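A short worksheet on the structure shown next.
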Ligand code: NIG
Ligand code: FE
């Protein structure tokens, strides 16, 4: 799949270039080019102005790659659309087995948290992950990362959370580091020890919180294995008071915070979103049941919302986060992610997420593209390295089988990436 790695690459004849670099970067440049040397962008050119009318055939020919000099590559983009490589800021893509068998239960009306309470759901994946060999797990993870790269994703956040003991969570995070070493995709690691209470603590959930706070977080931090610490903050899983203890411990040990907030329900006075604001979390994710006060507090505290519409689709409960309100009433920089996991979103496709974001969250193509690039990078503390095309940065970009950015959320179910570039290396889907 990798085509070449070389000194100088010129991506020329770009019909529409969205660099996403600053406010101007959200308007396409025409007749543009990007020059890359040793993996870094050294030049971006193009002219601003109205886009030409769409041709009758809406699909540009595949980019052509030629070698004008020994160490030089020239890519004729055939007037196609080029964007930054996509950023997926919320996944659980390292796990053993699968849960396709739960589909029938879900369709029969059994709620997600009832499946978990009966020992299935996340806990079923914990058993399959603990039983799997290291290499099997890594290979499955690499297969998912490879699928993502082919669909245009070049940076991915990956959570642990199917180990649920200090030893098993450390193992997961070491394997996540291995994914980063072996995949071309950049992997940002997150500790999610608080994903569920493991079966052996069923009658003592407070004891498991104690283990996370006293042993797990210090050990993960000492080994430098995670950038973030996340919590499944949910009345029936880790209620706000337990989540707060975990996130405060994370802060003391130098881990940035994230919260699975208000996915199913909010109980009492304080929502997961408000807790995220209180602990200065970088992001709060899901946010389907969040009241307006929570959104307000997030806006004040600069917490980025990460929405996971493919999860709503897969839960089949027709409940979507209030994305329009987040943008129109609270000015929040909405990011989008797959949530790739075996239970509620077994997909690697941010392109599918883009389509559902249009159809169900009612976001515009511009908002969606920001959601999978700059806003997604912000949600994982990668604003300086991912989500935009700019001189001096590593070159992550996608040449699309489209002229017009509005095609990306519109045409769904087909991989529209024609060429994916990661650190200047080219990959053909
Ligand atoms: O983000 N809600 C919690 N965690 C995942 C699902 C994990 C699973 O079911 O295995 C989520 O939806
Ligand atoms: Fe999740």
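Residue numbers (our numbering): -9 to 419.
Glycine is no exception: its CB is placed at the ideal position from the N, C-alpha and C atoms.
None of these values were measured; they are calculated from a predicted model.
Checklist entry - For the region 194 to 205 against the region 132 to 145, are there 3 or more C-beta pairs whose distance is under 8 Å? => result no
Item to check | Anticipated Cβ contact below 8 Å, residue 140 with residue 419, distance rounded | outcome: 4 Å
Next on the checklist: Counting beta carbon pairs with one atom in the region 372 to 383 and one in the region 312 to 322, are three or more of them shorter than 8 Å?
Outcome noted: No: the two stretches stay apart, fewer than three of their Cβ pairs being nearer than 8 Å.
Item to check | residue 97: first and last residue of the uninterrupted alpha helix (DSSP H) it sits in | outcome: 92 to 97
Next on the checklist: Rounded to the nearest angstrom, what separates residue 253 and residue 371 at their Cα positions?
Outcome noted: Approximately 22 Å, taken between the alpha carbons.
Checklist entry - Taking Cβ to Cβ, would you say residue 220 is nearer than 8 Å to residue 187? => result no
Checklist entry - Who does residue 290 pair with in a DSSP beta bridge? => result In DSSP, residue 290 forms no bridge with anything.
Next on the checklist: I believe residue 86 touches residue 122 by the beta-carbon criterion, under 8 Å. Please report the beta-carbon distance rounded to the nearest angstrom.
Outcome noted: 3 Å
Checklist entry - By how many angstroms is the C-alpha of residue 362 removed from the C-alpha of residue 5? => result 21 Å
Item to check | Expected contact under 8 Å - CB spacing of residue 166 and residue 298 to nearest Å | outcome: Rounded, the Cβ-Cβ distance is 19 Å, inconsistent with contact.
Checklist entry - Can you find a heavy atom of ligand 2 that lies under 7 Å from the Cβ of residue 329? => result yes
Item to check | Contacts around residue 161, its chain only, beta-carbon distance under 8 Å, and the 5 residues preceding and following it disregarded | outcome: 124 and 153
Checklist entry - Less than 7 Å between the CB of residue 301 and some heavy atom of ligand 1, yes or no? => result Yes, since a heavy atom of ligand 1 falls inside the 7 Å radius drawn around the Cβ of residue 301.
Next on the checklist: At the level of alpha carbons, what is the spacing between residue 364 and residue 10?
Outcome noted: 7 Å
Checklist entry - What are the boundary residues of the alpha helix (DSSP H) that residue 304 is part of? => result Following the DSSP letters along the chain, one finds residue 304 inside the alpha helix (DSSP H) bounded by residues 299 to 305.
Next on the checklist: Measuring only from the beta carbon, is residue 250 closer than 7 Å to any heavy atom that is part of ligand 2?
Outcome noted: yes
Checklist entry - Whose CA, out of 331, 327 and 333, lies closest to the CA of residue 345? => result Closest by C-alpha distance to residue 345, out of 331, 327 and 333, is 327.
Next on the checklist: On the criterion of 16 or more Cβ atoms from any shown chain inside 10 Å, does residue 93 qualify as buried, or is it exposed?
Outcome noted: exposed
Item to check | Stretch pair the region 105 to 122 + the region 204 to 221: three plus CB contacts closer than 8 Å | outcome: Counting Cβ pairs under 8 Å, fewer than three are found: no touch.
Checklist entry - Leaving out the 5 sequence neighbours to the left and right, which residues in its chain are closer than 7 Å to residue 158 when beta-carbon positions are compared? => result Excluding residues within five positions, the ones whose Cβ falls inside 7 Å are 120.
Next on the checklist: Please determine whether the Cβ atom of residue 80 lies at a distance below 7 Å from any heavy atom of ligand 2.
Outcome noted: yes
Checklist entry - What residues in its chain sit with their C-beta under 7 Å from that of residue 396, if we drop five residues either side in the sequence? => result 355
Item to check | Contiguous beta strand (DSSP E) assignments of at least 3 residues, all confined to the region 34 to 98 | outcome: 54 to 59, 62 to 66, 71 to 74 and 76 to 78
Item to check | Enclosing beta strand (DSSP E) for residue 247 [first to last residue] | outcome: 246 to 251
Item to check | C-alpha distance - residue 382 paired with residue 306, whole-angstrom precision | outcome: 44 Å
Checklist entry - Do residue 414 and residue 25 have their CB atoms nearer than 8 Å? => result no
Item to check | DSSP state of residue 231 mapped onto helix, strand, coil | outcome: helix
Checklist entry - Ordered along the chain, which non-local residues of its own chain (more than five positions away) have a Cβ less than 8 Å from that of residue 391? => result 49, 50, 52, 70, 406, 407 and 408
Checklist entry - Taking C-beta to C-beta, are residue 256 and residue 229 nearer than 8 Å? => result no
Checklist entry - Is any heavy atom in ligand 1 found nearer than 7 Å to the beta carbon of residue 236? => result no
Checklist entry - Once you ignore the five residues that flank residue 308 on each side, which residues in its own chain have a CB closer than 8 Å to its CB? => result In its chain, beyond the 5 residues on either side, 302 have a beta carbon closer than 8 Å to the beta carbon of residue 308.
Checklist entry - Can we count residue 202 as close to ligand 1, meaning its CB is less than 7 Å from some heavy atom? => result no
Checklist entry - Less than 7 Å between the CB of residue 253 and some heavy atom of ligand 1, yes or no? => result yes
Checklist entry - Can you tell which of 368, 324 and 128 has its C-alpha closest to the C-alpha of residue 348? => result Closest by alpha carbon: 324.
Next on the checklist: Are there any heavy atoms of ligand 1 lying less than 7 Å away from the beta-carbon of residue 185, as far as the coordinates show?
Outcome noted: Result yes, Cβ under 7 Å from ligand 1.
Next on the checklist: Which residue marks the beginning of the alpha helix (DSSP H) containing residue 415, and which one marks its end?
Outcome noted: Counted as a single uninterrupted DSSP element, the stretch harbouring residue 415 is not any alpha helix (DSSP H) but the beta strand (DSSP E) occupying residues 415 to 417.
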